[in-house]
Amino acid sequence: MEPFQYIRARDVGEAIRVLADNPTAAVIAGGTDLTTLIRDGIRRPSHLIDINGLDLAEVSARPDGGLRIGALCRNAVSDKRIERNFPVLAEALRSGASPQIRNRATFGGNLLQRVRCPYYRVPEFACNRRDPGSGCAALSGDSSRQAILGTSGACVAVHPSDCAVALQALDAEILVRGPRGERRIPIDALHRLPGRTPAEEVTLRRDELILAVELPPRASSERSHYVKFRDRASYAFSLASAAVAVELRGGRIRSSRISLGGVAPKPWRAEAAERALNGRPLDKDAIDAAAKAATNGAAPRPDNTYKVSLAREVVRQALTELKGD
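Taking our numbering as reference, the numbering of the sequence shown is continuous, increasing by one, and the terminal residue is 325.
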């Protein structure tokens with residue numbers, strides 16, 4: 001671990017100024033991911049900006065009936081409005097980590113956490129995310145937990161967030177502020193696919209700070225569900241997960257959003273699966289069609305072909321459980 005300057009930001013403006021003036025500065029809130037990366041020499045910030053003193057931890061109703069969740073709101077949040085109106089998010093949060101970690105982890109940090117690829121986490125291995133141009137050790141190594149969708153010849157790592165997958169199904173927006181003012185980033189546009197530049201993980205600018213997550217009022221949000229497959233009963237990162245949100249009208253699916261986790265370098269919007277559902281009754285035939293379509297375009301590696309069937313099954317289970325009896 002290398003020396004850094006610690007700054008406890010007094011307001012959002014100060015945090016943004018330090019970010020703007022120092023290209024390698026990092027923001028810390030819960031620190032559940034960042035502290036490990038610093039200790040292991042993967043992140044080497046010149047400045048560490050503590051934002052825990054900022055007023056960004058409130059959950060509040062929006063005038064349009066939606067919900068605003070502050071970036072510093074902990075992942076252990078218990079709010080009846082989330083449970084009642086956005087159940088997929090409540091379920092994803094509970095599945096994400098142990099209570100101890102959820103009591104520290106924040107919404108903003110959860111969205112920006114780094115990949116859990118072992119080749120990224122160990123500096124001795126080549127990794128284009130950590131050291132651009134060095135190569136990707138996963139391409140010739142163990143790929144059993146790597147992505148099957150949205151990969152490139154430069155990176156096959158999986159995005160680890162459960163929360164982000166649920167937020168994508170809810171069509172959330174991310175409110176950010178930087179030197180140029182505030183803007184909203186659709187959750188679909190926050191994370192980048194690796195392409196040739198996997199180190200560029202998000203569309204958030206270096207000098208911008210996440211202020212809140214905004215959930216719009218959607219008829220589908222209340223009829224939503226999250227299912228996660230992992231390799232042990234205790235808390236673990238996803239091998240495949242699905243967040244589904246469905247609006248029914250007249251016994252047919254008027255609209256749907258399906259997001260996959262554990263199978264791509266970003267939360268993966270399964271639009272082909274949505275098209276297979278829309279306009280149909282939520283029955284077994286429609287569910288089977290959506291499950292099959294969910295992995296359209298998959299390109300598994302030799303060690304992770306199982307993820308194709310696993311991703312289909314997690315979509316099938318999520319929709320079946322949402323349908324109920």
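Idealized CB from N, CA, C, for every residue including glycine. Because the structure is a prediction, the values reported are computed rather than measured.
Counting only the same chain and skipping the five closest in sequence on each side, list residues whose C-beta sits under 8 angstroms from that of residue i.
i    : result
A189 : T203
L72  : A29, I51, N52, L54, L56, A57, T106, F107, G108
R130 : I42, Y120, P123, A199
R275 : A293
A9   : A15, V18, I49, D50, I51, G53, L54
R229 : It is worth fixing the name first, because residue 229 is Phe in this sequence and not Arg. So the list reads S238, L239, A240, S241, G262, L310, E313, V314, once near-sequence residues are dropped.
Identify the continuous beta strand (DSSP E) that holds residue i and give its terminal residues.
i    : result
F229 : 224-229
A245 : 240-249
Q5   : 5-8
S175 : According to the sequence as given, residue 175 is Leu; it is not Ser. 173-178 is the extent of the beta strand (DSSP E) around L175.
S60  : 59-61
I69  : 67-70
Which residues in the same chain as residue i place their Cβ atom closer than 6 angstroms to its Cβ, once the five residues preceding and following it in sequence are excluded?
i    : result
L19  : A25, D207
G66  : L215, P216, P217
Y6   : L48
D79  : V59
L149 : V263, A264, W268, A298
V227 : A242, V314, Q317, A318
N369 : No answer is possible for residue 369: it lies beyond the span of the chain, which begins at 1 and ends at 325.
R44  : E2
V115 : A157
L167 : I187
H191 : V202, K266
Between which two residues does the alpha helix (DSSP H) holding residue i run?
i    : result
D285 : 284-293
S255 : Counting along the chain, S255 falls outside any alpha helix (DSSP H), though it belongs to the beta strand (DSSP E) covering 252-261.
A92  : 87-96
D50  : First-last for D50: 47-50, but that is the beta strand (DSSP E), not the alpha helix (DSSP H).
P186 : Where P186 is concerned, there is no enclosing alpha helix (DSSP H), although the beta strand (DSSP E) it sits in stretches over 181-186.
A26  : Where A26 is concerned, there is no enclosing alpha helix (DSSP H), although the beta strand (DSSP E) it sits in stretches over 26-28.
E201 : Unbroken run through E201: none, as it is neither H nor E.
I210 : Taken as a continuous stretch (DSSP letters only), I210 belongs to no alpha helix (DSSP H), being part of the beta strand (DSSP E) at 209-215.
Q317 : 306-323
R280 : It is not in any alpha helix (DSSP H) - R280 carries neither H nor E in the DSSP assignment.
G13  : 12-21
T32  : Here T32 belongs to no alpha helix (DSSP H), and DSSP marks it neither H nor E.
I101 : 99-102
Kindly give me the distance between the Cβ atoms of residue i and residue j, rounded to whole angstroms, as I take these residues to be in contact under 8 angstroms.
i    : j    : result
N110 : S161 : 6 angstroms
I174 : I210 : 6 angstroms
R223 : L260 : Actually they do not touch by this definition, with Cβ atoms about 19 angstroms apart.
A157 : C117 : 4 angstroms
G70  : V59  : 7 angstroms
P302 : A147 : P302 to A147, Cβ: 14 angstroms. No contact.
R104 : G96  : At roughly 12 angstroms, the Cβ-Cβ gap does not stay under 8 angstroms, so R104 and G96 are not in contact.
D93  : C163 : Rather than Asp, the amino acid found at residue 93 in this sequence is Leu. Rounded, the Cβ-Cβ distance is 6 angstroms, consistent with contact.
N85  : S221 : 6 angstroms
P194 : S152 : 5 angstroms
A289 : A169 : Not quite, the Cβ-Cβ distance comes to about 18 angstroms (not below 8 angstroms), so this is no contact.
N304 : S143 : 5 angstroms
Can you name, in chain order, every residue of its own chain whose Cβ lies under 7 angstroms from the Cβ of residue i, other than the five neighbours on each side?
i    : result
R205 : G178
R252 : G279, R280, P281
P300 : I148, K307, V308
R254 : E247, L248
With 9 angstroms as the threshold, decide whether the Cβ of residue i is near any Cβ in chain D.
i    : result
A276 : The question asks about chain D, but that chain is absent: this structure has only one protein chain.
Quiz item: Quick one: any contact between the stretch 275-289 and the stretch 190-205, if contact means 3 or more CB pairs under 8 angstroms?
Solution: no
Quiz item: Below 8 angstroms, can you find three or more Cβ-Cβ pairs linking the stretch 180-187 to the stretch 129-138?
Solution: no
Practice problem: Evaluate contact between the stretch 231-241 and the stretch 209-222, counting only Cβ atoms and requiring at least three cross-stretch pairs below 8 angstroms. | Solution: no
Exercise. Mind the definition here: the stretch 115-124 touches the stretch 33-43 only if three or more C-beta pairs lie below 8 angstroms; say whether that holds.
Key: yes
Exercise. Write down every uninterrupted run of the alpha helix (DSSP H) in the stretch 104-170 whose length is 4 residues or greater and which is fully enclosed by it, in chain order.
Key: 107-112, 118-121, 163-169
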